[in-house]
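J.:
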Amino acid sequence: MTQLPKPKSIKAKEAQPDKVVIANSWLANPLLPKPKNIKAKAKKLQPKVIRANSWLAASFPVENFQAYTSPFGYRRSATGSSNWEFHGGLDIAAPQGSYIRNWWAGTVVKVGDAYGGQSLRDACGTHIVIKSGEWEHTYCHMEGYVETVDSRRYLIDHAGGIQIWEGQQIPTGVRIGRVGMTGRTTGPHLHWGLKYANNYVDPVMVLREMYSQQRVAKRGSSIQPQQSQVIIQESKFIRDSGY
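The sequence shown begins at 1 in UniProt numbering and counts up by one.
1) Using a Cβ distance threshold of 8 Å, determine whether the stretch 199–207 contacts the stretch 155–166, with at least three qualifying pairs required.
2) Could you tell me which of 148, 178 and 174 sits nearest to residue 111, measuring between CA atoms?
3) What would DSSP say about residue 2, mapped onto helix, strand or coil?
4) Below 8 Å, how does it come out for the stretch 91–109 and the stretch 175–189: are there three or more Cβ pairs, yes or no?
5) Please classify residue 70 as buried or exposed, where buried requires at least 16 neighbouring CB atoms within 10 angstroms.
6) Residue 69 by DSSP, collapsed to three states: which one?
7) Quick one, which of 168, 157, 193 and 96 has its alpha-carbon nearest residue 140's?
8) Pull up the DSSP beta-bridge partners for residue 127, would you.
9) For residue 61, count neighbouring C-beta atoms within 10 Å of its own C-beta (all shown protein chains included) and say buried if the count is 16 or more, exposed if not.
10) Would you kindly work out how many angstroms separate the C-alpha atoms of residue 92 and residue 151, rounded to a whole number?
11) Per DSSP, what kind of secondary structure is residue 105 in: helix, strand or coil?
12) Pick out whichever of 83, 58, 219 and 142 has its Cα sitting closest to the Cα of residue 188.
13) Leaving aside the five residues before and after residue 109 along the sequence, list all residues of the same chain whose C-beta is less than 6 Å from its C-beta, in chain order.
14) For residue 107, count neighbouring Cβ atoms within 10 angstroms of its own Cβ and tell me buried if that reaches 16, exposed if not.
15) For the beta strand (DSSP E) holding residue 208, just list the boundary residues, first then last.
16) How about residue 58 and residue 134: do their beta carbons lie closer than 7 Å?
17) Where does residue 199 sit, in a helix, a strand or coil, going by DSSP?
18) Please determine, among 171, 136, 218 and 183, the residue with the shortest C-alpha to C-alpha distance to residue 105.
19) Look at the alpha carbon of residue 168 and the alpha carbon of residue 89, and state the distance between them as a whole number of angstroms.
20) Hey, out of 199, 144, 125 and 157, whose CA is closest to residue 191's CA?
21) Is it buried or exposed, residue 47, if we count other Cβ atoms within 10 angstroms and call 16 or more buried?
22) Look at residue 94 and residue 184 and say whether their C-beta atoms are less than 7 Å apart.
23) How long is the line joining the alpha carbons of residue 186 and residue 146, rounded to whole angstroms?
24) Give me the DSSP bridge partner(s) of residue 137.
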């Protein structure tokens with residue numbers, strides 16, 4: 001049984017761009033079994049272990065947190081069929097219109113929408129991808145729309161006062177969009193995906209270490225938080241269709 005920290009709720013009126021959310025409770029997150037009927041479709045996963053960076057400055061990605069609704073890994077198809085699919089991220093429910101925050105400082109490498117002509121991107125809806133060194137974080141189902149100006153794509157959310165563009169440098173904790181229902185979704189939530197060196201990472205692993213380090217720092221302990229081992233699943237051979 002893997003356990004996932006539950007963050008304190010941040011009301012929009014209280015939030016500041018550099019706010020760091022510290023977890024104070026836990027949520028059970030069951031691991032789904034790997035179904036037999038997809039073994040032939042995917043290369044056997046061989047986990048890699050890397051040393052994580054210090055996560056003291058990292059930010060939880062959603063304001064007005066409600067619940068974790070779908071974990072990373074294999075699950076029954078979100079479309080209601082009996083098929084299994086690989087879900088390459090963590091779904092975080094929040095009221096529609098709640099602000100989304102940048103987890104880690106980096107550069108916007110992609111702005112996309114539900115009209116890219118690919119089923120994967122249709123599922124993700126309006127989304128952005130931010131690259132932080134070898135880390136890549138994806139934010140799906142956002143409010144707003146995408147426009148292209150001089151070959152550069154912009155995410156525009158007038159109601160939320162958000163404008164994000166490809167190539168933009170984004171600090172940690174800054175508001176980058178709002179929770180919406182674009183793409184394939186049955187309710188408002190953020191699909192938050194992580195990759196390291198182009199391999200999928202379970203966001204649970206990062207959040208647990210992030211909260212552990214931040215709790216130590218908050219207590220003012222002189223003990224330096226130890227770097228943790230983050231399991232990297234080599235999932236590039238798996239059709240990532242779950243959002």
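By construction, the Cβ of each residue, glycine as well, lies at the ideal position given by its N, Cα and C atoms. These figures come from a predicted structure and were not determined experimentally.
T.: If we stick to the structure as given:
1) no
2) Ranking 148, 178 and 174 by CA distance to the CA of residue 111 puts 148 first.
3) Residue placement at residue 2 cannot be trusted, given a pLDDT of 47 that sits under 50; what the coordinates show is reported in the next sentence. DSSP places residue 2 within a strand segment (E or B) once states are collapsed to three.
4) Yes, since at least three Cβ pairs between the stretch 91–109 and the stretch 175–189 fall closer than 8 Å, the two stretches touch.
5) buried
6) strand
7) Considering only alpha carbons, the answer is 193.
8) 112
9) buried
10) 32 Å
11) coil
12) 142
13) 129 and 131
14) exposed
15) Counting along the chain, residue 208 falls outside any beta strand (DSSP E), though it belongs to the alpha helix (DSSP H) covering 203–218.
16) no
17) Looking at residue 199 - three-state DSSP - the assignment turns out to be strand.
18) 171
19) Looking at the two C-alpha atoms, the distance is approximately 23 Å.
20) 125
21) In this prediction, residue 47 has a pLDDT of 36, which is less than 50 and means its spatial position is unreliable; what the coordinates show is noted afterwards. It counts as exposed.
22) no
23) When rounded, the distance between both Cα atoms is 22 Å.
24) 130 and 194
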